[in-house]
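Before any comments, here is the structure.
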């Protein structure tokens with residue numbers, strides 16, 4: 005892949021890195037000159053420049069004509085010359101006889117250089133005294149550069165007596181840069197179903213044993229987390245998953261997770277004191293980077309430089325400055341040159357990894373991201389890497405492995421980290437999340453039990469432990485962990501799924517406080533309302549529990565289903581009579597009691613295997629309606645429910661679909677469905693339409709089985725572009 009920048013690859017290999025830095029600094033100062041000129045044009049230019057030398061003026065100079073005689077013959081002028089000569093000799097004495105440590109004084113004064121001209125003068129003094137505003141940084145400088153002077157002023161008092169080599173380049177913090185979403189929803193959905201879950205029904209996928217990741221609008225193509233045949237480390241090899249995709253144009257009103265659902269992805273992001281990415285995962289409620297510690301702890305600046313790195317600190321700082329300013333190609337060449345010259349420098353390799361990471365995001369390149377993952381490993385494996393650098397490099401490596409779907413590799417990285425830093429609770433919590441992402445609830449449970457044994461009040465561990473208990477159907481046991489974890493307010497706990505599961509658990513034990521937690525989840529922006537608790541939403545869509553065919557605009561589909569309901573019923577009954585196991589039991593823990601089987605024809609907009617061979621006429625009818633068969637956030641399926649069945653109150657995962665129920669076999673009375681506070685009954689040959697993102701509940705108290713056809717359709721207000729680009733659920 006070609007790199008573009010101000011310096012070509014060929015020139016970078018021949019020009020010493022010190023000269024590159026000098027060139028870059030000259031360019032910066034040249035950019036600043038116009039601002040300085042604008043600031044001084046309105047003033048009378050001083051007779052002497054800041055270095056003590058008199059500047060030549062146009063007009064009547066000493067060389068050409070003008071009034072030459074008067075001043076030169078004046079005694080006053082003679083005395084002035086004598087005093088000037090004395091001043092010159094005094095300066096020589098100060099500098100060359102070491103009367104004053106000139107370099108040290110100037111170095112300290114530069115900390116107060118508020119106008120960026122390289123020294124401390126009257127203009128800087130006016131700024132410090134509040135008599136003048138600091139000069140605006142040139143266009144194109146990063147926010148970090150704009151605040152650099154203030155940071156120096158704040159740090160100078162405390163650092164004057166410290167070893168200058170101890171200072172290290174400031175690393176990126178979560179408040180400065182947005183995070184990266186972890187794993188795409190369509191990739192992770194398949195891994196969330198429990199082993200052997202036959203129904204493949206994601207009607208209530210938000211009740212899965214692992215929090216759902218947020219949908220992504222990214223250019224990366226993550227690897228399949230189920231594919232373990234792909235080696236974790238390929239060095240500089242090209243990622244075969246297909247690195248680049250065109251980024252779709254944003255559509256007004258089509259922003260997903262518009263109610264703060266992006267924050268849900270933070271469960272998949274690793275905690276840490278620094279980030280190497282140039283985007284930042286966080287929105288207002290984001291806690292993508294957390295650090296859970298025992299008791300209050302003062303945040304310390306990470307120490308990334310070993311003895312070798314301190315000796316080349318100026319060169320590292322120069323390369324890091326390029327990276328911080330977004331000059332990534334130049335920064336990468338600078339770090340690569342440092343690595344070639346100092347192959348044992350952990351900080352140089354870490355900087356190279358960070359720059360590759362940044363470039364991977366900028367170019368949407370899996371190849372570069374894989375290189376960054378390998379470089380993070382190389383930096384951590386050098387013998388003299390500082391503990392802080394080792395922790396930062398491996399933590400970021402695990403995070404980027406997760407992004408590519410390399411869950412086992414990420415787990416291995418985190419296990420190594422917890423072995424090196426056994427007392428780091430944040431790393432333990434990250435390890436638990438890694439187990440969850442692999443579907444290893446047992447391993448995650450053991451990790452969180454270890455955390456809670458050491459830190460019983462750790463909120464992050466509590467909500468996840470409660471989450472696991474609920475997935476094991478230990479409803480009552482899960483409640484205190486979920487509740488106390490949410491009440492802790494610790495980073496990583498404010499997630500809609502935890503509010504959802506706590507409320508759901510309370511409902512199942514008959515505790516009316518469930519709706520208190522649903523209301524809190526709504527106030528925190530996780531739910532559209534107390535009733536509508538879907539987490540994967542498009543903002544602005546019409547929201548009501550029950551719909552008429554005319555309101556949906558799908559009247560032709562409804563009429564076709566109702567006219568042909570007997571044909572559809574007969575095909576479904578024939579499949580049931582064969583007893584071939586086509587109807588698979590619902591295994592999502594939605595039932596309080598009873599039996600509920602499903603026979604799926606379409607899932608996520610795709611036909612399921614040869615399911616249509618058993619009901620060919622039904623499928624032929626449905627294939628005329630892409631709003632149903634092409635609904636990537638829904639299913640088409642037969643549902644049979646035996647007498648004595650009760651389905652807990654629950655909600656679907658998204659507001660992007662409506663659900664049609666066609667009655668096929670409906671014994672009366674006793675078959676009813678509640679959506680919000682309205683309860684209705686099915687009728688044979690008639691269609692009921694409701695929005696399953698609202699809370700709904702089902703009872704089957706009749707004497708025989710109930711058989712219906714469920715058809716999900718796109719919400720009618722979604723545009724064709726949205727229907728095409730929304731991620732499958």
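Residue numbers (my numbering): 5 to 733. Ideal Cβ positions, reconstructed from N, Cα and C, are used throughout, including at glycine. Keep in mind it's a predicted model, so treat the numbers as computed, not measured.
Relative to residue 634, the option among 660, 648 and 647 whose CA is nearest is 660. For residue 543, there is no enclosing beta strand (DSSP E), since its DSSP letter is neither H nor E. Between residue 540 and the set 322, 304 and 732, the nearest pair of CA atoms involves 732. Residue 675: not part of any alpha helix (DSSP H); member of the beta strand (DSSP E) spanning 675 to 679, first to last residue. Non-local beta-carbon contacts of residue 488 in its own chain, meaning distances under 6 Å to residues more than five positions away in sequence, involve 466 in chain order. Residue 364 sits away from residue 381, with the two beta carbons spaced by 9 Å or more.
For residue 464, the uninterrupted alpha helix (DSSP H) run begins and ends at 463 to 475, by DSSP.
The alpha-carbon separation between residue 484 and residue 686 amounts to approximately 38 Å. The residue from 699, 307 and 306 with its alpha-carbon nearest to that of residue 534 is 699. Annotation for residue 359: 327, 332, 335, 336 and 339 place their beta carbon closer than 7 Å to its own, counting only its chain and skipping 5 residues before and after. Between residue 651 and residue 711 the beta-carbon gap is near 15 Å, outside 8 Å, which marks them as no contact.
Secondary structure of residue 355 (DSSP, three-state): helix. Counting C-beta pairs closer than 8 Å gives fewer than three between the segment 673 to 689 and the segment 718 to 732, which falls short of the contact rule. Distance from residue 351 to residue 313 at the Cβ level is roughly 4 Å; contact confirmed, criterion being Cβ atoms closer than 8 Å. When the five nearest sequence neighbours on each side are left out, the beta carbons in the same chain lying within less than 8 Å of the beta carbon of residue 422 are those of 428, 431, 432 and 435, in order along the chain. A direct Cα-to-Cα measurement between residue 597 and residue 536 gives close to 25 Å. Residue 463 and residue 704 have their C-alpha atoms spaced approximately 40 Å apart.
Rounded to whole angstroms, the separation of the alpha carbons of residue 519 and residue 510 is 9 Å.
In terms of Cβ geometry, residue 571 and residue 628 do not form a close pair [threshold 9 Å]. Uninterrupted beta strand (DSSP E) stretches at least 3 residues long and entirely within the segment 488 to 513 do not occur. In the three-state scheme derived from DSSP, where H, G and I count as helix and E and B as strand, residue 654 is classed as strand. Taking the Cβ atoms as the reference, residue 644 lies roughly 6 Å from residue 587, within the contact range of under 8 Å.
DSSP, read as helix, strand or coil, puts residue 685 in strand. The beta-bridge partner set that DSSP reports for residue 608 is empty. The beta carbon of residue 600 is closer than 6 Å to those of 590, 645 and 649 in its chain, skipping five residues each way along the sequence. DSSP links residue 589 through a beta bridge to 601.
Restricting attention to 458, 459 and 402, the CA atom closest to the CA of residue 437 is found in 402.
Beyond the five residues adjoining it in sequence on each side, residue 702 comes within less than 6 Å, by CB distance, of 651 and 677 in the same chain, given in chain order. Separation of residue 405 and residue 377 (C-alpha to C-alpha, rounded to the nearest whole angstrom) is 7 Å. Residue 371 and residue 362 have their C-alpha atoms spaced approximately 12 Å apart. Annotation: the continuous alpha helix (DSSP H) that includes residue 320 extends over 317 to 328. Between residue 716 and residue 624, the gap from beta carbon to beta carbon reaches 9 Å or more. For the 9 Å CB-CB criterion, residue 569 and residue 688 form a contact. Within the DSSP bridge table, the entry for residue 649 names 704 as partners.
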